[in-house]
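Undergrad: A single structure is presented below for examination.
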Amino acid sequence: MSQSRKRNIIVRRLLQAIPVIVLSTFIVFGLLKLVPGDVAVTLAGDNASDARIAEIRHIYGLDRPFLVQYGSWLWKAVHGDLSNSLVSSEAVLSSIARCLPHTMLIVVLAMLLALVIGIPLGIAAASRPGSWTDGLVMTIASLGVAIPNFWLGMLLVALFALDLNWLPATGATPISEDFWEAIRHAILPACALAAGGVAEVARQLRSSLVEILSSQQVRTLHAKGLPPSSILWRHGLKNVSVNLLTVISLLFNRMLAATVVVEAVFAIPGMGNLIVNGAIHRDFPVVQGVVFIMVLIVVALNLLTDVLYSILDPRIS
Amino acid sequence: MTDSNRMVGMLSRREIMALAGGAALSGIAGLPAFAQEAAKKGGVLKVAAPANPSSLDPATGGAGSDHSLLWTMYDTLVEWEYDTLKPKPGLAKWSFPNPTTMVLDINKGIKFHDGTDLDAEAVKFNLERNRKDPRSNVKADLTSVDTVEVTGPLQVTLKLKNPDTALPAILSDRAGMMVSPTNIKALGDDTNRKPVGAGPWKFVSWADNASLVVTRHENYWRPGRPYLDGIEFAIIPELATALRSVVAGENEMTFSLPARLKPVIDRAKNLQVVTAPTLYCIQLYFNTTRKPLDNVKVRQAINFALDREAFVKATMGGLGEPAFMTLPSSHWAFDKSVATLYPHDPAKAKKLLAEAGFKDGVELSIGGYNDQDSVRRSEVLQAQLGEAGIRLKFTRGTIAEISAQFFATEKKFDLLLSAWTGRPDPSMTYALGFDKGAYYNAGREADPELVKLIQQSRESEDLTERAKVFAKIQRFIMENALSAPIAFQYALDALSKKVLGYKPNLLGKPKFENIHLG
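Sequence lines, in order, name chains V and G.
Take the first sequence: its position 35, counted from the start at 1, is 35 in the working numbering, and no numbers get skipped.
Quick note: to get the working numbering, add 1000 to the position in the second sequence (first position is 1).
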């Protein structure tokens, strides 16, 4: 594939991302306005009268038409200003700059764990389908999918933080401040988050690999006298790499979403924490800002996945 | 020690030891003065706080959970006794030369963190801002104030539209927290993120939903205070997680825990548990203008059907006190005679219902919240009232959503299971909850007699006189069954053993001024 075609794909994908971003922020904005309650109630304080709430609504421009409010938010966002939190007046961009690294660290670490553990398990299961190894791996995988990550998180804390005292139970350290301390804080939440990922990677890898290994192509390779290890590593895995990539990119997106719960269990001041607090108070600039950045990340990831597809499988363009 | 004596029946020996230990070290209850001198200066306290502050500007914030954080940075004109909430002088002493004049005499030599003098001009500036700034949330608290005049370098005189002896208590709340005028003039609304007060600690940093850090104010006006060099708050809204952080030793204190977490504190060997009465009252709000609750007999029936003792046991693990009015028994305005009006009596409840025309019982629509503790309360309530033939049909949702549906314009539900968090002065509680047109009076109507009594409660300055008026108000409210108080929730705080001198207060919002580290 020529360089210019690849560039074309990227440009096209980027242009497609624009309506996705606009539409998703618009929908979230609409949802926040649809659910009962609004930020004026929080802003007006504990013993506010109806009149006071109306007054607050006016002061903060919350009584303007829906589209005007959304439009003014979008206009600022396009110019790189994600506004301030209505409740605490912290700039949303600086909240995100502080929270995003915590979330990304956990997700990346969880992803690594899921791959490092999930891939060998999947290969072990697929190389002898129906054996007791296969059964064991699939049982582990089913458990991994079935166990809720917040519950697993609490069990991990009880054992590794409270009983053994090896790792911290809560909180996070910025990676820029102290790398190892940041990793130490991220290990337990990443484990809690990775459990489902391990299971998914192992299962998906096993099923694709079993399919490939029982194909006519592989039978031919056997007939040619290739050693089984070479068939598995050179032909089998290469063929499932596209599937694996799909699993990874979907998993990454799902893990980003799952951090909402895991962050609450471990008191990590990350993106999940930020959006939950924003949503509780109907603090829409915060919610919008987080959604905006998350959509950007997901779009970028999908773009990267597409480019990698075309590298791994030249038939895809 | 009266508080801990009263609770002895419900507490294990270890807790009593912890309470006694805390009391001894804080030097209360007439212990020798050396116990107080033993307080060591220095050290940074790490605290898990349950909520992000709504604002660090006392005038524009709104959440009841802000106070504990605000008090670290802001001193108030008036303060209160921990056990009874009786007002006492803070930054200033007050007096009422006549019923419509309040004079504030400010202590000498107090400076804000930025070096600005805390004088009469500064106090006037703050009070005027609290009264007039469009974004001020404390305007309503100061409506009785007509003018604020500087009558001396350290004296401010408030001319009142009508007698208002609730003002000392009001000035112990947000309205009395003094912010540096220099800071407000320079930063305007941004003072929210860069607060400057005259409290024992000064602001260092605040990261939303993550942390708040304060450090010692070297020129603090109280000699020898504060003990702590600083406080680092980690903001952890998930309370079980907050407690885990203390069990794991990452924080040294957390507060406002629900009773269901008490076994977790008890299991941890390195923690002390502190429980104390608070004004936080779980109660049923009635819409008295909606059928069938417009009938006093139905409202009384609900009050008789409640088994408050059982409620405390079932939903609070015993960490509470049955509520027969909106003030707990340790409060200075508590009236014993009102507490006997509604013993648990389902038969009487049924009889009253029959008299009201509901021989076969009655079905009521009720709003409730969807968090774990609220749902548990609602189930116990359903069972108790069910025995008397009162069937509750619950609609559950978030606090903001359901309370707005009940109190604001929609007027959904006959009643609401919620709580009253308490106010420094009882007259605020009655004015906000029962007065004509008050927000927390869902029906908005009030008997002229009650309206008059609420006014009267702010006329005398003498607490015994005021207590008499409050007794009348409480009797009126309970005889007419304008609400059904159920139980006061005790504060439940968990502290590392090295945290010394901490004393809970009746408001249930911790102050850190007496804490030192061992």
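The beta carbon of each residue, even a glycine, is placed where N, CA and C say it ideally should be.
Note that the structure is predicted; figures quoted are calculated from it, not measured.
What would DSSP say about E1149/G, mapped onto helix, strand or coil?
TA: Here the question's residue 1149/G lines up with position 149 in the second sequence. E1149/G: strand per DSSP, three-state reduction.
Undergrad: Kindly indicate if chain V contains any beta-carbon less than 7 Å away from that of N1137/G.
TA: Counted from its first residue, the second sequence places residue 1137/G at position 137. At least one chain V Cβ lies under 7 Å of N1137/G.
Undergrad: Would the segment 1302-1317 of chain G and the segment 1340-1350 of chain G be scored as touching if the rule is three or more Cβ pairs under 8 Å?
TA: These segments touch.
Undergrad: Under 7 Å between C-beta atoms, does N1183/G make it to chain V?
TA: Position 183 of the second sequence holds residue 1183/G. No, its Cβ sits nowhere closer than 7 Å to a Cβ of chain V.
Undergrad: Assign T1072/G to one of two classes, buried (16 or more other C-beta atoms within 10 Å of its C-beta) or exposed (fewer than that).
TA: Locating residue 1072/G in the second sequence gives position 72, counting from the first residue. By the 16-neighbour rule on beta-carbons within 10 angstroms, T1072/G is buried.
Undergrad: Round the Cβ separation of K1348/G and G1389/G to the nearest angstrom and send it over; I've been treating them as touching at under 8 Å.
TA: Locating residue 1348/G in the second sequence gives position 348, counting from the first residue. Locating residue 1389/G in the second sequence gives position 389, counting from the first residue. That belief does not hold up - the Cβ atoms of K1348/G and G1389/G are roughly 12 Å apart, past 8 Å.
Undergrad: With burial defined as no fewer than 16 other Cβ atoms inside 10 Å of the residue's Cβ, what is the status of L23/V: buried or exposed?
TA: In the first sequence, the residue the question calls residue 23/V occupies position 23. So L23/V counts as exposed.
Undergrad: Look up P1053/G in the DSSP assignment and say whether it is helix, strand or coil.
TA: For this step, residue 1053/G is matched to residue 53 along the second sequence. Looking at P1053/G - three-state DSSP - the assignment turns out to be coil, as it is neither helix nor strand.
Undergrad: Out of V1138/G, I1235/G, L1154/G, E1250/G, state which residue places its alpha-carbon closest to the alpha-carbon of H185/V.
TA: Within the first sequence, residue 185/V is the residue found at index 185, counting from 1. Measuring from the Cα of H185/V, the nearest candidate turns out to be E1250/G.
Undergrad: Report the rounded CA-to-CA distance for Y309/V versus A190/V, giving the unit in angstroms.
TA: Looking up residue 309/V in the first sequence gives position 309. Looking up residue 190/V in the first sequence gives position 190. Each residue's Cα considered, the two are about 27 Å apart.
Undergrad: May I ask you to report which of helix, strand or coil DSSP gives L1319/G?
TA: Translated into the one-based positions of the second sequence, residue 1319/G becomes position 319. Reduced to three states, the DSSP call for L1319/G is coil.
Undergrad: So which residues of chain G does T42/V contact, with C-beta pairs closer than 8 Å?
TA: By one-based count along the first sequence, residue 42/V stands at place 42. Residues of chain G with a Cβ closer than 8 Å to the Cβ of T42/V are, in chain order, S1054, G1062, A1063, A1400.
Undergrad: When we look at the beta-carbon of N1137/G and count the other beta-carbons within 10 Å, is it buried (16 or more) or exposed?
TA: Looking up residue 1137/G in the second sequence gives position 137. Under this definition N1137/G is a buried residue.
Undergrad: At 4 residues or longer, what runs of the alpha helix (DSSP H) sit wholly inside the segment 1310-1386 of chain G?
TA: 1346-1355
Undergrad: For W1221/G, does the three-state DSSP call read helix, strand or coil?
TA: Taking the first residue of the second sequence as 1, we reach residue 1221/G at position 221. If DSSP states are grouped into helix, strand and coil, W1221/G belongs with coil.
Undergrad: With a threshold of 8 Å, are at least 3 pairs of Cβ atoms found where one atom belongs to the segment 290-307 of chain V and the other to the segment 235-244 of chain V?
TA: Not touching, per the Cβ criterion.
Undergrad: Consider the Cβ of S1245/G: report whether some Cβ of chain V lies at a distance smaller than 7 Å.
TA: Numbered from its first residue, the second sequence carries residue 1245/G at position 245. At least one chain V Cβ lies under 7 Å of S1245/G.
Undergrad: Tell me, please, whether the CB atom of N1192/G is closer than 7 Å to any CB atom in chain V?
TA: The residue you call residue 1192/G lines up with position 192 of the second sequence. It does: the Cβ of N1192/G has a partner Cβ on chain V nearer than 7 Å.
Undergrad: Are at least three pairs of beta-carbons, each pair with one atom in the segment 1485-1505 of chain G and one in the segment 1267-1282 of chain G, less than 8 Å apart?
TA: yes
Undergrad: Can you check whether the C-beta of L256/V is within less than 7 Å of a C-beta belonging to chain G?
TA: Taking the first sequence and counting its residues from 1, the one referred to as residue 256/V is at position 256. So, not an interface residue.
Undergrad: Just tell me which of H1516/G, N1505/G, V1451/G has its CA closest to the CA of Q1474/G.
TA: Looking up residue 1474/G in the second sequence gives position 474. Comparing Cα positions, the closest option is V1451/G.
Undergrad: Measure the CB-CB distance between L1327/G and A1259/G and report whether it falls below 7 Å.
TA: Taking the first residue of the second sequence as position 1, residue 1327/G is located at position 327. Taking the first residue of the second sequence as position 1, residue 1259/G is located at position 259. No. Outside cutoff.
Undergrad: With DSSP as the reference, label V1264/G as helix, strand or coil.
TA: Within the second sequence, numbered from 1, the residue matching residue 1264/G stands at position 264. DSSP places V1264/G in helix when its eight states are reduced to three.
Undergrad: By Cβ distance below 7 Å, which residues in the same chain neighbour N1192/G in space, the five residues on each side in sequence not counted?
TA: On the second sequence, position 192 is the one that residue 1192/G refers to. Answer for N1192/G: S1055, L1056, D1057, T1060, listed in chain order.
Undergrad: Between E1513/G and P1237/G, what straight-line distance do the alpha-carbon atoms span, to the nearest angstrom?
TA: As a working note, residue 1513/G is residue 513 in the second sequence. As a working note, residue 1237/G is residue 237 in the second sequence. For E1513/G and P1237/G, the distance between alpha carbons rounds to 23 Å.
Undergrad: Can you give me the C-alpha to C-alpha distance between I140/V and N149/V, rounded to a whole angstrom?
TA: Here residue 140/V is taken as the residue at index 140 of the first sequence, counted from 1. Here residue 149/V is taken as the residue at index 149 of the first sequence, counted from 1. Computed Cα separation, rounded: 15 Å.
Undergrad: Of all Cβ atoms in chain G, is any one closer than 7 Å to the Cβ of G171/V?
TA: To locate residue 171/V, count along the first sequence from 1; it is residue 171. Taking Cβ atoms only, chain G reaches closer than 7 Å to G171/V, which makes this a yes.
Undergrad: What span of residues does the alpha helix (DSSP H) with L1158/G cover, start to end?
TA: Your numbering for residue 1158/G matches position 158 in the second sequence. Here L1158/G belongs to no alpha helix (DSSP H); instead the beta strand (DSSP E) covers 1155-1160.
Undergrad: Note down, in chain order, each residue of its chain lying with its Cβ closer than 8 Å to the Cβ of Q1384/G, except the 5 sequence neighbours on either side.
TA: Looking up residue 1384/G in the second sequence gives position 384. Counting only Cβ-Cβ distances below 8 Å, and skipping sequence neighbours, we find A1305, L1306, D1307, A1310, F1311.
Undergrad: How would you list, in chain order, the residues of chain V whose beta-carbon sits under 7 Å from the beta-carbon of D1208/G?
TA: Stepping through the second sequence from its first residue, residue 1208/G is reached at position 208. Those are S85, S88, E90, S95, listed as they occur along chain V.
Undergrad: For the pair the segment 1223-1242 of chain G and the segment 106-121 of chain V, tell me if three or more CB-CB distances fall below 8 Å.
TA: no
Undergrad: For T1076/G, which three-state DSSP category applies?
TA: If you number the second sequence from 1, residue 1076/G lands on position 76. If DSSP states are grouped into helix, strand and coil, T1076/G belongs with the strands.
Undergrad: Strictly below 7 Å CB to CB, what residues from chain V border Y1369/G?
TA: Looking up residue 1369/G in the second sequence gives position 369. In chain order: nothing, as chain V lies at least about 12 Å away.
Undergrad: Going by DSSP, which residues form a beta bridge with V1233/G?
TA: Taking the second sequence and counting its residues from 1, one reaches residue 1233/G at position 233. Sequence inspection shows Phe at residue 1233/G; the Val mentioned does not correspond to that position. DSSP, once it has assigned bridges, lists V1047/G, L1212/G as partnering F1233/G.
Undergrad: Could you compute how far the alpha carbon of R219/V sits from the alpha carbon of L213/V?
TA: One-based indexing of the first sequence puts residue 219/V at position 219. One-based indexing of the first sequence puts residue 213/V at position 213. Going by the C-alpha atoms only, they are around 8 Å apart.
Undergrad: Can the beta-carbon of L1158/G be found less than 7 Å from the beta-carbon of L1284/G?
TA: The residue labelled residue 1158/G in the question sits at position 158 within the second sequence. The residue labelled residue 1284/G in the question sits at position 284 within the second sequence. Cβ atoms of L1158/G and L1284/G: not closer than 7 Å.
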